[in-house]
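Residue numbers (the working numbering), protein chains in the order written: chain A, 1 to 386; chain B, 1 to 437.
Where is the CB? At the ideal position from N, CA and C, for every residue including glycine.
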């Protein structure tokens, strides 16, 4: 630690060069932070705390095939199932197809099962009492400047009304919040009564999209899932029950192999970075050969010269990298605040630790050759300029 | 004071204007600019001075090969990533765009945006195919295919995770309607039987799709009897007879959509007007080109924006690397440059020589990056979730236009990275430079 001053002044001996290198390192780690946030969002999809205690039952054929409502009572009767809820994808459009958000017709007890979607008691009562009532998330309400009491018209893409009308109008009676900041994306959805939907739709006929089961003991999840699927085995509506995590992970993995894309880009970035900072360090040490020789003359050991150069290159990487990750953190929070539903998680502790490890590792790697050169130089030759 | 501000401002203008021009210039414009530069180098006195200064600079590159590599590889990285990501967007767009044409039209229930959300009853199907604008075959039957689109969950070959594949039931006129479709192995399915033919892309991505294998659809066994290649997004699908699919999925006699061949592309407007004025029909028609284009728009745009954003950040990193290298190059050659100035070379040739050196390194990097992207990713197969909640298989496309875009980026980074060191080299006092070690 007592040599920090020495390392620092060596680093800023050539200000322009160090600043340019720092900016390059910053750009690399800014990219690392941003891409890692996207990758984490896809990898963590559905890994909420409550996930383990909820199961999702969909049709075995595909999640777009609906299931009969009559299953509700039979699932409810199974031991270990604390509550059964259900929902149906609506796929309505608000004004323009570009304004996409999830909208679902849900069971009366939906917000009991999804207790992390917070509504006030008054809003819950109003929702229960209003046939055409709807509840939206806070981020979505903010995006479209909706307030309680507004009428929200949705254009149906899948479910026209009886009589052929395509416009469904809902009364906004509640706005829910999600406390966990990393799950704010879930505030971009709208829910309304399945009962109203089923009565008014042209081809409804008492079907629901999927069931959600809340189970008392997460440990019994496998057994309960098998029991649920056994109810409709060999019928014309066989089911597939899985944990909420598994369901969302299988859905997300269909978009793309995000891990591969992010991995390839980061590979290209860090390869370039190693070369670039390696060149800077080599130049820095080459210029300072006589100085290093003087250090040795006044009694610095070979090993401490090695450590000085390694510390210098690690410091270079950590300074630039920390600035880059900080910038990434800022950028992610701005992007998330502006765009809402976007698959990006805040740059968390995990990313910082990973990033710091990478900075130190790359720093030591690029410092190794120049440091070795500094360690093995012979004082007489170096001072003579040979 | 004012002179200094003026100097900084003019330097910024000198940096920004050419980059903007470069971005806007088409490929032939760049070639013309290069030709002009060569003419200037060869024909004018200053040009010839600049050329000999450049030749001197280039011959000294091997002495500082390490730092020159930083420019080349830094820019290669930017161009490689940019071209690869744009090739992904381009491949997805091209696959869906090829699928449609102007002389076939698709009818969906009004309000539905994708086939999987649409339902048409039998009556509408009959009315639609009997419209006068629909082309007829040699036996005077309308060329129309009532189609059912459903998604089935099948495990993927690579990961074993189930993903949705699109099952498309097609009518018996489908072979007339999709003339590009060829059976590349096995045979066509027979009407009424539970037989499937599998698209080339789907066969590559999904398990249990080899000829002769059996697939479980909605609890019923289906047999794969052939493999087809249509050269478009239908390659990601499994095809069967509409009536057989309707039976398995309990659709009665309703279908998802009807695709018809029109007399010509010009008869679409008349076709649309006839349908709009028919009170029996509650459908929306569009040409298949428009339908499939709309499906590719969103995702292709997202990939393009993300790719450009990633490349901008990487480009900033590479720019500072190039600046570092070129400042160092100018510093090590300080005595050389000062000598040139002392024997009568003006400032402009010195500036031009440093710029040309950087641009050559940058073009080298751009070519390497574009070549790597082309070798690794041209025709690379990927798949994503399409509009019908099913996998769309597509191939990356590294087109000449994308390669040109990559080279433009390389030139822009090289120009910015070379300009400031070049100006410093030219403004360095000669006496100071000569004393430099």
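Going by beta carbon distance, what residues of the same chain come within less than 7 Å of residue 388 of chain B, once the five residues before and after it are set aside?
-> 114, 115, 116, 149, 151, 166
Which residue's Cα is closest to the Cα of residue 147 of chain B: B/108, B/292, B/19?
-> B/108
Interface partners of residue 286 of chain B on chain A, CB under 7 Å = Those within 7 Å of residue 286 of chain B in chain A number zero; the least Cβ separation is about 14 Å.
Helix, strand or coil for residue 291 of chain B per DSSP?
-> helix
Residue 173 of chain B classed as buried or exposed, judged by whether at least 16 other C-beta atoms fall within 10 angstroms | buried
Within 7 Å: the Cβ of residue 105 of chain A and any heavy atom of the ligand MN?
-> What this structure holds is no ligand at all, so the ligand MN is not there to describe.
Mind checking whether residue 202 of chain B and residue 23 of chain B have CB atoms under 8 Å apart?
-> no
For residue 100 of chain A and residue 184 of chain A, the rounded distance between their alpha carbons = 16 Å
Could one say the Cβ of residue 441 of chain A lies closer than 8 Å to chain B's Cβ atoms, at least one of them?
-> The structure shown does not extend to residue 441 of chain A, since chain A is modelled only from 1 to 386, so the question has no answer here.
Answer yes if the region 134 to 146 of chain A comes into contact with the region 211 to 228 of chain A, meaning at least three C-beta pairs across the two stretches below 8 Å, and no otherwise.
-> no
Inter-residue spacing [alpha-carbon to alpha-carbon] between residue 385 of chain A and residue 374 of chain A | 14 Å
Where DSSP assigns a beta bridge to residue 161 of chain A, which residues make up the other side?
-> A/201
Along the beta strand (DSSP E) that carries residue 392 of chain B, what are the first and last residues, could you check?
-> 391 to 395
Give, in chain order, every residue of the region 88 to 122 of chain A whose Cβ lies closer than 7 Å to some Cβ of chain B.
-> 91, 97
At 7 Å on the CB atoms, spell out the chain B contacts of residue 265 of chain A, in chain order.
-> 81, 310
Between residue 207 of chain A and chain B, is there a C-beta pair that is closer than 8 Å?
-> no
With 8 Å set as the bound, which would you pick, yes or no: does the beta-carbon of residue 438 of chain B sit closer than that to a beta-carbon of chain A?
-> The question about residue 438 of chain B has no answer, for chain B in this structure spans 1 to 437.
Would you kindly report the start and end of the unbroken alpha helix (DSSP H) that includes residue 146 of chain B?
-> Per DSSP, residue 146 of chain B belongs to no alpha helix (DSSP H); it is in the beta strand (DSSP E), 144 to 155.
What does a CB cutoff of less than 7 Å around residue 50 of chain A pick up in its chain, not counting 5 residues either side in sequence?
-> Since pLDDT at residue 50 of chain A reaches only 45, below the 50 mark, its modelled position is unreliable, and no value is offered.
Whose CA, out of B/390, B/263, B/373, lies closest to the CA of residue 101 of chain B?
-> B/263
Please classify residue 46 of chain A: does DSSP put it in a helix, a strand, or coil?
-> For residue 46 of chain A, the pLDDT reaches just 47, beneath the cut-off of 50, and the residue's location in the model is therefore unreliable, although a value from the coordinates is still provided. Three-state DSSP puts residue 46 of chain A in coil, outside helix and strand.
Of all the beta strand (DSSP E) runs that stay within the bounds of the region 12 to 66 of chain A, which reach a length of 3 or more residues?
-> 54 to 59
Answer with yes or no whether the minimum CB distance from residue 136 of chain A to chain B is below 8 Å.
-> no
Closest by CA to residue 192 of chain A, which one among A/63, A/109, A/293, A/367?
-> A/109
Secondary structure at residue 190 of chain A, three-state DSSP: helix, strand or coil?
-> strand
Excluding sequence positions up to five away, which residues of its chain have a Cβ less than 7 Å from the Cβ of residue 103 of chain B?
-> 261, 262, 264, 265
With a Cβ-Cβ cutoff of 8 Å, do residue 409 of chain B and residue 79 of chain B count as a contact?
-> yes
Using the C-alpha atoms, what's the distance from residue 61 of chain B back to residue 2 of chain A?
-> 41 Å
Which of the residues in the region 2 to 29 of chain A, read from start to end, lie with their CB under 7 Å from any CB of chain B?
-> 16, 17, 20, 21, 23, 24, 27, 28
Between the C-alpha atoms of residue 48 of chain A and residue 220 of chain A, what's the straight-line distance to the nearest angstrom?
-> Its pLDDT being 44, under 50, residue 48 of chain A is placed unreliably in this model, and the value from its coordinates should be taken loosely. Distance between the alpha carbons of residue 48 of chain A and residue 220 of chain A is about 18 Å.
CB residue 77 of chain B to CB residue 314 of chain B, shorter than 8 Å?
-> yes
Check the Cβ of residue 242 of chain A against every Cβ in chain B and list those closer than 8 Å, keeping chain order.
-> Under the 8 Å cutoff, chain B gives no residues; its nearest Cβ is about 11 Å from residue 242 of chain A.
Whole-angstrom distance between residue 395 of chain B and residue 274 of chain A, CA atom to CA atom = 32 Å
Interface positions of the region 132 to 157 of chain A facing chain B (Cβ-Cβ less than 8 Å), listed along the chain = 155, 156, 157
List the residues of chain B whose Cβ lies closer than 8 Å to the Cβ of residue 42 of chain A, in chain order.
-> Going along chain B, no residue has its Cβ under 8 Å from residue 42 of chain A, so there is no contact; the nearest lies around 13 Å.
Mind checking if residue 187 of chain A is an interface residue toward chain B, Cβ cutoff 8 Å exclusive?
-> no
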